[in-house]
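Numbering-wise (the working numbering), the sequence shown opens with residue 1305 and increments by one. Cβ coordinates follow ideal geometry from the N, Cα and C atoms, glycine included. Worksheet for the structure shown next.
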Amino acid sequence: MAAAVECEHFNNNTSSFVGGTTKGKSLKNSEKKEIVHKLSLDYNNNMLKRGSINILATDYGVSRITIDNIWKEVQQSIKDGEQPNADRKYKGGNQKYVFDLEKVRSIPLHLRTNIRTLACQLNARK
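Structure below.
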């Protein structure tokens, strides 16, 4: 067994690399709604109050660009005539592949012994 070696660049308190680029904090939908509400209170004459994005960024511990992107998303949805929505968009998940069972049965057994060869015979991803 190899002994565990502690890296000097790893900070155990935050579970992220110090000095490197890491994925930032992801906001919950409720936090995004609070941000949109607070920004809408500071919105007057088609402009936000000076510094309101920076204040919210420090309050929620995210980049000002993140707050700005949320605000732009809400403004775009209003411009499109939709209900303002800053909910998290679903990305990813297992991709479904529908295949014909008869086509699988028609493939010889020695070509369907593992996923890779079966996928190749079905012209599908593994």
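According to DSSP, residues forming a beta bridge with residue i
{"i": "Asn1348", "result": "Met1351"}
Residue range of the unbroken alpha helix (DSSP H) whose run includes residue i
{"i": "Arg1409", "result": "Leu1405 to Ser1410"}
{"i": "Gln1256", "result": "The requested residue 1256 is not part of the displayed model; the chain covers only 1305 to 1430."}
{"i": "Arg1420", "result": "Ile1419 to Gln1425"}
Exposed unless 16 or more other CB atoms sit within 10 angstroms - verdict on residue i
{"i": "Lys1400", "result": "exposed"}
{"i": "Ala1390", "result": "buried"}
{"i": "Asn1427", "result": "exposed"}
{"i": "Leu1360", "result": "buried"}
{"i": "Leu1331", "result": "buried"}
{"i": "Ile1339", "result": "buried"}
{"i": "Val1366", "result": "buried"}
DSSP three-state assignment for residue i, whether helix, strand or coil
{"i": "Asn1398", "result": "coil"}
{"i": "Lys1332", "result": "coil"}
{"i": "Ala1361", "result": "helix"}
{"i": "Val1366", "result": "coil"}
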